[in-house]
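Structure, as structure tokens:
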Amino acid sequence: MKTIIKRVFVFGITALIFVGCSTKHTSVSEDREVRLSIKESNVLYEYAKDDIESHAPMSGYYPLENHLDSLSARVMLAKVATKSIKFQYFTFHGDESGSLLLHSVLEAADRGVKVEILIDDIELNELDNIFASINNHPNIIFRTFNPTNARGPLHYVEIGLHSDTLGRRMHNKAFIVDNSMAVFGGRNIGDIYFGIDTKNYFVDNDILVAGPFVNELTNEFEHYFSSRFSVDYENIYKAGIEELKEKRDIYEELLNSEEYKHFFDVVSKRSFVEKFRSKELPLYFAPATLYYDMPEKIATDSKDRTHHIKGSVDKKYTPEKSLVVVNPYFIPNEEMIKIFKDLRDKGVEVSILTNSLESTDGKGVYAYYSEYQEELLKMGVKLFETHPYALKNELLAQAYNTEKIIPKAGLHAKTMIIDGKYFIIGSRNLDPRSRNLNTELIAVIENEELCKYEQKVFDYITTPQNAYNLTLECEEDDKDDCNVFWHANIDGEDKVFDSDGDAGFWDKTKAFFARIFPVKELL
């Protein structure tokens, strides 16, 4: 995401030099009727180990922190769909994992399942001809959110020209099947999110839900799919017959390749699939609340909170004992710093995991976050930063990694644990962009056993083998003269660094120059 924002920023600066600002949205549709659902369906409940309906109004949850299990969950749900598939994502890549999921969705559409797809337009122009082909299917309706009129390279130029409107995106992520089961959380669709990309890997987190809560996700989707900012794809791009045929041939060639078949075999043998097929999927049952921005957020002043999540979250979630925060793009504002200070003054233990300068794809984000490291550590906040060697052994051991290549790891999960009682998961980053510009969704799930499980996940990812532990050392005679140190265990050796972990010269240079430009509110 942050790479795209940087690209948008560069185009934006160039455009402003020549033509100045613009404030209009392009290619927006008329408002449509929102088809809200009254009750969830129970058609997929048979795949759970327990009787879901007997736990109503609670829903059942299955954690999907494992990257391949998370992909498997989406694929299996598509394969057993009987009535509908609805999904929305910020980005959708046309690589192996994206192709696998699309293939499963197309099979469902061939069976008569009604498919509705909503993808944000930020990167979509790179897949125009593929989605134009999919959009021809009689059982598929494909829309893109807040699109540009220009396609190809001019797509990014247009975003730059209208950065105050087209720079605001739909960041929500959900995959909903038969209004019965759904997967949501931090992952977009692409190899980098599912541990398949050989260069980079995002440490992420999703969760599967079955029960009444799915209806809440369905209605969230309907608000967006019916929004005037969601444009029918045929109004954006139409591929010629020869172009469609060429892409279909390439797609079929990929599906028939030995590499793809091996990949599909690995995904099909995941532990989630075994539990799902045997109809023994164990669930944590809990009450939960869904919070989300409304689509109109992208067209209102960033200071207007009418359509924002902020301000609507129940105050009962205020931590009394402990707060665990996992977020990849963490830029606290003064309000957030005050909250942390008040919590620490009350004795609340606060632990935060974010990206290191090495692991992040947003060097500018790290540059602004780093300005708060010393202040947070002085409060007694525990700071951890994912390092690029995270989960090295797990990535080497996975069956798909036949070449034993270790990709560079970076954090992408967005979760919280409050008092060991409330687990929060969703798409929202803790940065100005998520707060003020993009749309997001989060869920608050109340279950102590689920929190214990997620706490173990946090404890593991913050071990010295996976993350830096930041400490602060101050001079005895001058408490304002302090230095931050990064502690980690790299290749079995304990190491301590005194400047942004083990980041190299170019990473530090990028962070340095990021502080020079006034782009904090765009990150």
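Throughout the sequence shown, residue numbering follows the working numbering, covering 414 to 936 in sequence.
Don't be surprised by glycine CBs; every beta carbon is placed ideally from N, CA and C.
With distances taken Cα to Cα, identify the nearest neighbour of residue i among the options.
i	options	result
Arg582	His800, Tyr606, Ala712, Val616	Ala712
His825	His800, Ile831, Leu519	His800
Arg718	Gly793, Asn538, Tyr705, Ser546	Tyr705
His516	Val627, Tyr673, Ser640, Asp893	Tyr673
Leu804	Thr875, His636, Glu861, Phe925	Thr875
Leu567	Ala545, His584, Phe555, Asn538	Asn538
Lys886	Val644, Lys869, Phe910, Gly905	A small fix is needed here, since residue 886 is Glu in this sequence, not Lys. Measuring from the Cα of Glu886, the nearest candidate turns out to be Phe910.
Asn628	Tyr614, Leu449, Gly775	Leu449
Pro708	Tyr637, Leu736, Asn549	Tyr637
Leu863	Met471, Asp891, Arg848, Gly833	Gly833
Pro745	His721, Arg757, Asn842	Asn842
Asp508	Val447, Asp890, Val761, Ile663	Ile663
Tyr959	Ile929, Gly580, Pro625	Because the chain here runs from 414 to 936, residue 959 falls outside it and cannot be looked at.
Lys759	Glu771, Pro732, Pro741, Asp774	Pro732
Arg683	Tyr458, His480, Thr922, Ala916	His480
Ala595	Ile649, Phe505, Met489, Asn549	Met489
Arg848	Gly905, Val739, Lys716, Val737	Lys716
Ser772	Glu906, Tyr742, Arg487, Ser764	Tyr742
Glu647	Met829, Phe677, Phe544, Ile830	Phe544
Thr767	Leu790, Val739, Val794, Asp774	Val739
Which same chain residues, not among the five before or five after residue i, have their C-beta less than 7 Å away from its C-beta?
i	result
Arg600	Ser483, Lys586, Tyr606, Asp617, Asp619
Asn882	Phe797, His900
Glu816	none
Pro443	Inspection of the sequence shows that residue 443 is occupied by Glu rather than by Pro. Taken in chain order, the residues that qualify are Arg641.
Arg420	With a pLDDT of 45 at Arg420, under the threshold of 50, the modelled position of this residue cannot be trusted; read the value that follows with caution. Excluding sequence neighbours, Arg420 sits near Tyr569.
Trp919	none
Pro625	Glu453, Ala469, Pro470, Ser472
Ala522	Val528, His550, Asn552, Ile553
Ala927	Lys776, Gly777, Ala780
Met792	Phe753, Lys754, Arg757
Asp604	His506, Asp508, Glu509, Ser510, Asp610
Arg487	Leu514, Phe588, Val596
What residue range is occupied by the uninterrupted beta strand (DSSP E) comprising residue i?
i	result
Ala822	821-824
Arg556	553-558
Asn896	891-903
Val528	527-533
Met594	594-598
Ser472	472-477
Ser643	643-645
Phe836	835-839
Take residue i and list the residues in its own chain whose beta-carbon comes closer than 6 Å to its own, dropping the five residues that flank it on each side.
i	result
Asn902	Pro877, Gln878
Tyr502	Ile532, Lys586, Asn601, Ile602
Val456	Thr495, Asp591, Ser593
Glu859	Ala699, Pro700, Tyr835
Lys908	Ala901
Tyr614	Gly608, Pro820, Ala822
Ile554	Glu529
Lys365	This structure does not reach residue 365, given that the chain is present from 414 up to 936, and the question cannot be answered.
Asp645	Arg556
Tyr458	Ile465
Let's see if you can read the secondary structure: which residues bound the alpha helix (DSSP H) around residue i?
i	result
Lys791	786-792
Thr578	576-579
Thr631	626-638
Thr561	That residue, Thr561, is in no alpha helix (DSSP H); it is neither H nor E in DSSP.
Phe753	747-758
Gly777	776-783
Ser517	509-523
Ala927	918-929
Ala545	541-547
Glu762	That residue, Glu762, is in no alpha helix (DSSP H); its beta strand (DSSP E) goes 762-768.
Report all residues from its chain with a CB closer than 8 Å to the CB of residue i; omit the five preceding and five following residues, and keep chain order.
i	result
Tyr873	Asn879
Ser435	In this predicted model, Ser435 has a pLDDT of only 43, less than 50, meaning its place in the structure is not dependable enough to derive any value.
Val526	Ala494, Thr495, Lys496, Ser497, Ile498, Asn552
Glu446	Ser639
Contact check, residue i vs residue j under 8 Å by CB: the rounded distance?
i	j	result
Asn559	Asp534	6 Å
Tyr474	Val622	5 Å
Leu808	Gly608	6 Å
Phe588	Phe500	4 Å
Ala924	Tyr779	6 Å
Val761	Gln868	Between Gln868 and Val761 the Cβ distance is about 15 Å, and since that is not below 8 Å, they are no contact.
Ile572	Gly580	6 Å
Does any residue of chain B bring its CB to less than 9 Å from the CB of residue i?
i	result
Pro845	Of the chains in the structure shown, none is chain B; there is only one protein chain.
Legend entry - Contact the stretch 451-466 vs the stretch 683-693: 3+ CB pairs below 8 Å: The stretch 451-466 and the stretch 683-693 touch, with no fewer than 3 CB-CB distances between them shorter than 8 Å.
Inset, instruction - Evaluate the contact criterion for the stretch 744-755 versus the stretch 780-787: three or more CB pairs, one atom per stretch, below 8 Å. - result: Contact between the stretch 744-755 and the stretch 780-787 is present: three or more C-beta pairs spanning the two stretches fall below 8 Å.
Legend entry - Meets three-Cβ-pair contact criterion under 8 Å: the stretch 845-856 and the stretch 751-760: Counting Cβ pairs under 8 Å, fewer than three are found: no touch.
Legend entry - Inter-stretch contact (C-beta, 8 Å, three-pair minimum) for the stretch 668-679 and the stretch 512-524: With a cut-off of 8 Å on Cβ pairs, the stretch 668-679 is in contact with the stretch 512-524, counting three or more such pairs.
Legend entry - Touch test, the stretch 833-842 against the stretch 631-638, Cβ-Cβ under 8 Å, three pairs minimum: Three or more beta-carbon pairs separated by less than 8 Å are not found between the stretch 833-842 and the stretch 631-638, which leaves the two stretches without contact.
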